[in-house]
Amino acid sequence: MESTSMNKPVILEVPFYPDEDRYRHRIRYESIDDAQVEASELFDISTRTLKPKILLRQMFITEHAMEDGLPVITIEGETFRGKALGELNEVHRVIGYVVTCGDEMEEHDLSSSDFLAPFWLDTIKSMAYGAARRFLFDYCREHFGFTKPSSINPGSGNVDIWPIEQLQGLFRLLGGTEGIGVQLTESSLMIPNKSLSGLMFTTAEGDYESCAFCERDTCPTRRVPFREHL
Numbered sequence: 133m134e135s136t137s138m139n140k141p142v143i144l145e146v147p148f149y150p151d152e153d154r155y156r157h158r159i160r161y162e163s164i165d166d167a168q169v170e171a172s173e174l175f176d177i178s179t180r181t182l183k184p185k186i187l188l189r190q191m192f193i194t195e196h197a198m199e200d201g202l203p204v205i206t207i208e209g210e211t212f213r214g215k216a217l218g219e220l221n222e223v224h225r226v227i228g229y230v231v232t233c234g235d236e237m238e239e240h241d242l243s244s245s246d247f248l249a250p251f252w253l254d255t256i257k258s259m260a261y262g263a264a265r266r267f268l269f270d271y272c273r274e275h276f277g278f279t280k281p282s283s284i285n286p287g288s289g290n291v292d293i294w295p296i297e298q299l300q301g302l303f304r305l306l307g308g309t310e311g312i313g314v315q316l317t318e319s320s321l322m323i324p325n326k327s328l329s330g331l332m333f334t335t336a337e338g339d340y341e342s343c344a345f346c347e348r349d350t351c352p353t354r355r356v357p358f359r360e361h362l
């Protein structure tokens, strides 16, 4: 693993020991009498196979500005615009990152499985992604001294919060996402789908959550209630 002091990309493999009872609760295991064995087998296969990972890099903001009423920051020549970036007004050091559930089950054949199997697999992938995200926060506390880490993410919230298209610039800064099995499509969607990219930072308040400005009230990964204004 590269030294974090060199501001080079770092890849972390995340321990993943999911709770099967939690999985069963999420998929309503008790209500699928005729498919319980298959659901348990998929859990066993997926949890042995999936390897959640993190790519991160320490970076520094070289310019803060305002353009057309929106905050703008520049990092190594890449410019980002959006309301969320106003949270970085007093911030100079950020950790760019991608967390992912891992791509090891992307080609797993479910064509002969129960029609609910894609949902079961997606649930397990969500658990792997959650493990990676928690690991990232703990790592930033321990290795970067972020006592109150916060994160902003392109695509979380309305389009003016931080447009998802700006993932392209963030991926250019991070580089090497193939090392964790993540692809970014031309339309700025990440594959595997249980992946997240953004900037980690710390402030005295340390209470920013980008999903607070997302209007999708049915989002299964919502961490805080929707707030109308940033």
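Just so we're aligned, residue 133 is where the sequence shown starts under this note's numbering, counting upward by one. For glycine and all other residues, C-beta sits at the position ideal for the given N, C-alpha and C.
- Taking C-alpha positions only, N285 is separated from D292 by approximately 12 Å.
- Segment contact: the stretch 149 to 164 against the stretch 240 to 260, three or more CB-CB distances shorter than 8 Å; contact assigned.
- Counting along the chain, the unbroken alpha helix (DSSP H) around H275 starts and ends at 249 to 276.
- In this structure, the CA atom of S243 is about 10 Å from the CA atom of P250.
- Note that the stretch 273 to 287 does not touch the stretch 195 to 205; fewer than 3 beta-carbon pairs, one per stretch, sit closer than 8 Å.
- For V223, the CB contacts under 6 Å within the same chain, skipping 5 residues up- and downstream, are F333 in chain order.
- Judged by DSSP secondary structure, E152 falls within the alpha helix (DSSP H) whose first and last residues are 152 to 159.
- H196 is bridged by DSSP to I205.
- Shown here, K183 sits in coil according to DSSP, grouped into three states, outside any helix or strand.
- Shown here, T309 sits in a helix according to DSSP, grouped into three states.
- Nearest Cα to M322 within the set T335, L305, L331, Q300: Q300.
- Counting other Cβ atoms within 10 Å of its Cβ, A216 reaches 16 or more and is therefore classed as buried.
- V169 sits in a helix when the DSSP states are folded into three classes.
- Distance from the CA of P150 to the CA of D176, rounded to the nearest whole angstrom, comes to 10 Å.
- Here G201 is exposed: its Cβ has fewer than 16 other Cβ atoms, across all protein chains shown, within 10 Å.
- Per DSSP, reduced to three states, the secondary structure at S320 is coil, with no helix or strand assignment.
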